[in-house]
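Residue numbers (the working numbering): 1 to 246. Built from N, CA and C at the ideal position, the CB exists for glycine as well. Inspection log for the structure reproduced underneath, given as structure tokens.
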Amino acid sequence: SPQLRTHAALASGLLRFDSSFSNAYILVRAGESLSDAAERIDTNPVNRDDVARGALTERGAQQVLDLARRLSELEFPLIWYSTACRSTRTAEMLGAALSLPRERLVPEYSFLDARGLGRLDGEPSAQTWASVHARDATDAFWRPPEGDDGTPNESVADVFARVRQLLSITETQYSQENIVIVSPDSEVLSTIAAAVCGSPLEMHSRFEMAPGEMRDLRLLQRDDGWRERRSLRACRAPADARDAAS
């Protein structure tokens, strides 16, 4: 279809870019927030600084401490984080636990925003995401219904465009760095993972990450794939999508 061919061209461009990363990238979803615990969709950027929604729960704070122990194996990492409350708090806690100077924590003001779900903002999270991902699986350009409160209604392709710009910036500004990307939701991270793995964007949800989870992009580019819960076989693009990209 025309949309599949368009997506294949987009994905092919990003994969050519990713094949020569000069930095190592670690994907981190922010620790569990109050809105996560309430199991409600929270994607309106107006609420990004709202402590009543974005403060970490006790469980979320412990998740961040656990992340810090894992990240301590990295040499002097650079943390790029969304300025959403839960991501900022996650980055600050990581920086303190890893004894990083402030200049190693870099705020990102738009490219790492949670995926906007338009009129679906505020709905129960589990069933809403299941419905959204079912629609995503049929069309990477599908957008949730538009709302009237200013919440963006973004497709996976829209998110893809943002993260591609982000990685272009980091690859231009840095070299041979360990860069930790902290996002408030899973959508940004799963989109990066799908693109790097060569999976169609429509299937990004198979790389879904829970609050407090971490993934190393280098493992996606190795023959043995993800060493945690997924294998490379699970994320390879179907033959027809690979043919369309060639």
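State the CB to CB distance for the pair residue 139 and residue 202, rounded to an integer number of angstroms; the pair is presumed to be in contact (CB under 8 Å).
7 Å
Which two residues bound the contiguous alpha helix (DSSP H) that contains residue 194?
186 to 197
Does DSSP put residue 181 in a helix, a strand or coil?
strand
With burial defined as no fewer than 16 other Cβ atoms inside 10 Å of the residue's Cβ, what is the status of residue 124: buried or exposed?
exposed
Quick one: using the 10 Å Cβ neighbour count with 16 as the cut-off for buried, is residue 76 buried or exposed?
exposed
So, with DSSP's three-state summary, where would you put residue 123?
coil
Within the same chain, show all residues whose beta-carbon is closer than 7 Å to that of residue 41, passing over the 5 residues directly before and after it, in chain order.
117, 120, 121, 122, 123, 125, 128
When burial is assigned at 16 or more other CB atoms within 10 Å of the CB, is residue 81 buried or exposed?
buried
According to DSSP, simplified to helix, strand and coil, what is residue 239?
Any reading at residue 239 needs caution, since the residue's pLDDT is 39, under 50, leaving its predicted position unreliable; the model's value is listed next. The answer is helix: DSSP assigns residue 239 an H, G or I state.
Taking buried to mean at least 16 other C-beta atoms within 10 Å of its own C-beta, is residue 31 buried or exposed?
buried
Where does residue 101 land, buried or exposed, given buried means 16+ other C-beta within 10 angstroms?
exposed
What's the call for residue 114, buried or exposed, on a 16-neighbour Cβ count within 10 Å?
buried
Which residues in the same chain have their Cβ closer than 6 Å to the Cβ of residue 144, if we skip the five residues on either side of it in sequence?
117, 118, 120, 153
Quick one, are the C-beta atoms of residue 182 and residue 91 less than 8 Å apart?
yes
Locate the beta strand (DSSP E) running through residue 214, then write down its first and last residues.
214 to 216
Classify residue 172: buried if its beta carbon has 16 or more other beta carbons within 10 angstroms, exposed otherwise.
exposed
How would you label residue 96, buried or exposed, when you count the other beta carbons within 10 angstroms and need 16 or more for buried?
exposed
For the alpha helix (DSSP H) that residue 82 lies in, which residues bound it at each end?
Careful: residue 82 lies outside any alpha helix (DSSP H), inside the beta strand (DSSP E) at 78 to 82.
Looking at C-alpha atoms only, which residue of 45, 155, 99 is the closest neighbour of residue 187?
155
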